[in-house]
Amino acid sequence: MTTYVLRRIGVGVGLVLLVLTLIFLALHLVPGDPAMLLLSQGDGGSATPDAVARVREQLGLDQPLLTQYWQFLSGALTGDLGESFRNGQAVSEAIGERLPRTLELVGLATLIAVVVGVPWGALAARKGGWFDSVTSVLTSIGVALPVFVFGSLLVLLFSLELGLLPAGGFTEWGDDPGRHAQLLIMPAIALAVGFASTIARMTRSAVLEMLHQDWVRTARSLGLSRRTVFRKYVLRNSLNPVVTTVGIGVGTLLGSTVLVEKVFSYPGLSSLLVDAVTARDYPVVQGVVITIAVLFVSINIIVDVLYGVLDPRVRR
Amino acid sequence: MRRRLAHALTPLRLAALVYVGLMLLVLVAAPLLAPADPLSQDVADRLASPGGAHVLGTDELGRDILSRIIYGARVELLIALGATLVSMLLGTLLGLLGGYFGGIVEVITMRVVVDVLLAFPPIILVLLAVTLRGPGTGTLIAAMGVLFAPTFARIAYGQVISVKRLEFVEAATAFGAPTRTRLFGVILPNISAPLIVQVSLTIATAILLESGLSYLGLGVVPPTPSWGSMVAQGQRYLSSDPHVLLVPGAFVVLTILAFGLVGDALRSGLDPKSRSNR
Amino acid sequence: MRTSLTSRLRAAARPRTAALTAAAVASMTLAACGGGSGSSGEAGTLRFGLSAEPVTLTTGVWQGSATNFVLTLIHRGLMTLDEDGELVPGLAASVDTPDPTTYVFTLHEGLTFSDGSPLTATNVKNSLEYYANPDNGSTLIAGLQDIASITADSDTQVTVTLEAPNNAFLEFLAVPTAAIVPDASLNADTPNIVGAGPFEIEEQNEGVGMTLAKFDGFYDADDVALDEIDVAYYPDGDARANALVSGDVDMIDYVTWENFDRVGDTDGVELAAQPGPFQYVQFNVTDGPFADPLVREAVAYAINRDNALTAAFQSNGQPLEGVVTSNDPALEGLGDELWTYDPDRAKELLAEAGYPDGFSATLLATSQYTFLQDTALSVQQDLQAVGIDVTLDAPDWSGRLEKGAAGDYDLAVSGDVGIVTNPIYLLSFVQGPDNFNRSFGYANEEIAASLTDGLRATDDETRAAAYEEAFDLFATDVPFASIDTRDQAWAYSDDVEGFSNLPGFHTFFSGYTLANTSIER
């Protein structure tokens, strides 16, 4: 098991290096000049070519691509991700500020989704009948509801109509814990709805499949109660694809909270990434992508290890 | 077989099947069905409520929403089905090969290709594709197809790992069945249930992602109607003229629901392991 | 000239004193009854929802409206704008114009920057010289290029002589990027955050917001009622409006047009709109049909301006059939009706140009700004109607800039403001290097000469005559085809007093009036 984990970590490092190289190349292929963008904000005024050239020089964009790549790589390996083109903030600092916010949001959303989704899906599979049909409809709606629409509806209801929660924004935990929590509730729910539906559907389908396995009938004929068989064996064995779904889902959520962050003006990692791409803020894009890749690889390794724990057949 | 199929078709699923059939009809016959030109603007009659001269009302440029829904169905299905097909073929193949052969094949398929794809934040893949190739249907199908492939690959991979040492696979090997038969004839049918469920989920995700990308301005190029871009545009009129959002939104939900139900029907109808259904 | 300019200045300065006295009384009243701060914010603190996070402030460079907003708070130039948008002295206590090419600025006594260092006539000289140097990327060149010499006569007096009369000179000095800054800020690398404005930056929290505190060294500090401005960034238009409507903030900039009614109808909230930037179609004139002025004129006649206005701005704006002259009384009736909506005329012009059956073209817009996209859709339909088959190209904003600057389009829709309201802002559309928001490859020295004549004019008649000539040439050569002006709105709670949305292009400089704004809870 230890060698297995070590090997996975080795592969993970290689993976991150590959991602890092790909993102660097992709960014420099994309049209759009960061220097020009910095000087042209859209509502009037346009810089002279000389001024643009000067900014390019200042940002190091006049260097040959290979030099830039080398600087980026050696910086990244020593933990120096450079500075934002836009506000001069150190990229590692920007990520350090925003990553915990997104993790907090994703963590809470995942918690809600798992706590709601797994029992719901299992119950639907076990009970069947009208409960299953209602579940099917509700989870379909849950999956089908665009997160920005659901988020806006939440704002419309809880902030504008009822005045219970602030419409959006962010406050540090240290400044005002109450408000911090208030500001987290709606984005987390908006994010959790689709995820919970996906988990419920996956759980339902996995449990259904397990229920029809021969060994379930064998266990029943051995005199185990339906309840025991379900709790101890069926549910546990059904969790394999569910864990995959949750693992992939968390990874996906990490990079795709952007819509929620936009609706609720929540300054997380995804909106940083999207804004940085829009502004061609190369150091920030590269830094965020690397961070998410590292996170993903770590989660991945954990999920693979969990596989081994839940399904001994995988263990080698 | 026939009885199983009949059994799988509950009235709800039958309705869903009919709905999907109608969607496919619309795909072909949009110009015949639409009451008006989906692009023709009538700003004087903008944001008209449903009822009146326009059955489902008009949008912010005074375009007939029903006609845009009908033409939008075309674009929507093309993108959703196209992306799902691409990702299913690509992902299943990767997972099947990686899980079955193991070793270097597994490293290349599951570690290099799939994990690199997954390690990129999904939004950046699409963002880069759109900024590189320009927004449009083709870009969306390609980018989303690649984006969704890892999910299929990992599910297929996990399933192959679980079943490849079971008796029936060993038996096939013992009887001397060629590798191709073992892969696609023996293993694939036995792991297809979660993949089929994933197809319906992927179609749903594709439709959703298309609307999210439109909200970020990365969807289809206007004035081409797509449901996603209609929802995204309608979002701006949520409090004043909700029908601009609700009409395409309802179709998005209905379609995802229908594909989900059809997926369920397929699962219980075709899966050899599923002997009864609920 | 001497009399007209100085008297205009004095006239403008007079009502301001009265207003300031009123503000002072208001602030005293406030102090008397202050202390009742509820959960909705501290007394004397304005919570502001800003539409974008400002980029690192670079001295002299125009970096967009969010950045300009911050500049209006932490910086001041020799000139500034009052609550009616009239030009008034800022750091200068008075301005004398003994002859049309000489300006004598007398500074307020004892000015300091927010880092505590004194602000002297030498700082004024150095700052202006920095802005007048084209290498420094300043957008004030058009206004400052005529400077012959700048002399610091004493610690508090500066004399600027121009090579030729320039009736926009003082207005350029009121642009936020023309602020007087310490010598240490006069380079591209030092963030331009030390100023002599009413507020200073206390804390910056990247991605979230910034806190500004009252700067006691400001020349008018006694009249500044706000102790603190708490800025939070709300890039999404709906989220910004929601924050105001739900009471999370007291004030927001840039209300998006579909939110005008909702925000305006909310009890306790005021919406202040002013006609601001103008939208237009620009052309690539290097080859193809749009090299022909007749075809460009046809486009100008084909545009249904009312439709475009409704489609993109819910009719919050005005159709624009000519060029914006900012209600300059001397130019009344000039340049405002160069083209009308007349598709038949457009077809005739196309036929005359040799395109009776039309042709096809690409129209560059952007997916990032919905209003530009909706404007493009409306224009597309209008051009289709006269036989020009238009395909839309909608990359993101960065892609739009690059394609615009490289001339990778046939037609493009744009929105723009003049840096100044003086019609000299039009000069950059007919002269100088290509950029993303002017017709690619277009130059017209005749129009440029007439516009410059207008700038040099020292009396209203000569000025009007010069611009009339320029606008006549505009009508037939069509450097761009105007569409509309859009209303630009700020919105605030009823508790906020004294803020004013400045008219016209100056709407983006309305932050100046926060120096005289108070909040009562």
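Chains as they are written, first to last, in the numbering used here: chain X, 20 to 335; chain L, 15 to 292; chain G, 4 to 524.
Don't be surprised by glycine CBs; every beta carbon is placed ideally from N, CA and C.
Computed from a prediction, not measured in an experiment: that's the story for all the values here.
- Annotation for residue 195 (chain X): no alpha helix (DSSP H) segment contains it, and DSSP assigns it neither H nor E.
- Between residue 263 (chain X) and residue 179 (chain L), the CB-CB gap reaches or exceeds 7 Å.
- Interface annotation, residue 122 (chain X): not in contact with chain G, CB-CB separation never under 7 Å.
- In terms of Cβ geometry, residue 253 (chain L) and residue 243 (chain L) do not form a close pair [threshold 7 Å].
- Distances from the CA of residue 279 (chain X) to each of X:26, X:49, X:24 and X:164 were compared; the closest alpha carbon is that of X:164.
- Proximity to residue 351 (chain G) across G:379, G:319 and G:304 peaks at G:304, based on C-alpha coordinates.
- Contacts with chain L at 7 Å (Cβ-Cβ) do not include residue 405 (chain G).
- Shown here, residue 432 (chain G) sits in a helix according to DSSP, grouped into three states.
- Contact between the region 304-313 of chain X and the region 153-161 of chain L is absent: fewer than 3 CB-CB pairs across the two stretches fall below 8 Å.
- The beta carbons of residue 370 (chain G) and residue 86 (chain L) sit no closer together than 7 Å.
- The region 74-84 of chain G and the region 493-503 of chain G do not touch, with fewer than three beta-carbon pairs separated by less than 8 Å.
- If you draw a 10 Å sphere on the C-beta of residue 378 (chain G), you find 16 or more other C-beta atoms in it, and that means buried.
- Less than 7 Å divides the Cβ of residue 174 (chain L) from the Cβ of residue 113 (chain L).
- Residues of chain X with a Cβ closer than 7 Å to the Cβ of residue 247 (chain L) do not exist, since the nearest Cβ in that chain sits about 12 Å away.
- For the 7 Å CB-CB criterion, residue 84 (chain G) and residue 95 (chain G) do not form a contact.
- Using a Cβ-Cβ distance cut-off of 8 Å, the region 102-117 of chain X and the region 289-309 of chain X are in contact, since at least three pairs of beta carbons, one from each stretch, lie closer than that value.
- Beta-carbon to beta-carbon, residue 71 (chain L) and residue 63 (chain L) are separated by about 5 Å, close enough to satisfy the 8 Å threshold.
- Using beta-carbon distances, residue 28 (chain X) does not count as an interface residue toward chain L, since no partner is under 7 Å.
- Of all residues in the region 306-317 of chain X, the ones placed with a Cβ closer than 7 Å to any Cβ belonging to chain L are 308, 311, 312, 315 and 316, in chain order.
- The same chain holds no residue with a CB closer than 6 Å to that of residue 465 (chain G) once the five nearest residues on each side in sequence are set aside.
- Not flagged as an interface residue toward chain L: residue 177 (chain X), since no C-beta distance is shorter than 7 Å.
- Approximately 5 Å separates the beta-carbon atoms of residue 504 (chain G) and residue 277 (chain G); this is inside 8 Å, confirming the contact.
- Looking at X:294, X:259, X:122 and X:86, the one whose alpha-carbon comes closest to that of residue 237 (chain G) is X:294.
- Between residue 162 (chain L) and residue 216 (chain L), the C-beta gap is smaller than 7 Å, which places the two residues in contact.
- Residue 164 (chain G) is positioned such that its CB atom lies no closer than 7 Å to that of residue 109 (chain G).
- Beta-carbon to beta-carbon, residue 59 (chain G) and residue 194 (chain G) are separated by about 5 Å, close enough to satisfy the 8 Å threshold.
- The beta carbon of residue 283 (chain X) sits closer than 6 Å to the beta carbons of 187 and 206 from its chain, once the five residues preceding and following it are set aside; these are given in chain order.
- By the C-beta density criterion, residue 241 (chain X) is exposed, having fewer than 16 other C-beta atoms within 10 angstroms.
- Of the candidates G:335, G:330, G:301 and G:269, G:301 places its Cα closest to the Cα of residue 478 (chain G).
- The DSSP-derived three-state label of residue 77 (chain L) is coil.
- Residues are counted here when their Cβ sits less than 8 Å from a Cβ of chain L; for the region 400-424 of chain G these are 401 and 402, given in chain order.
- Put simply, the CB of residue 324 (chain G) is far from chain L, with every gap to its CB atoms at 7 Å or more.
- Among the residues facing chain X, residue 251 (chain G) is included, as its CB has a counterpart in that chain under 7 Å away.
- For residue 207 (chain X), no chain L residue has a Cβ inside 7 Å of its Cβ, as the nearest lies near 18 Å away.
- With a threshold of 7 Å between beta carbons, residue 117 (chain L) makes no contact with chain X.
- Annotation: the continuous beta strand (DSSP E) that includes residue 49 (chain G) extends over 48-53.
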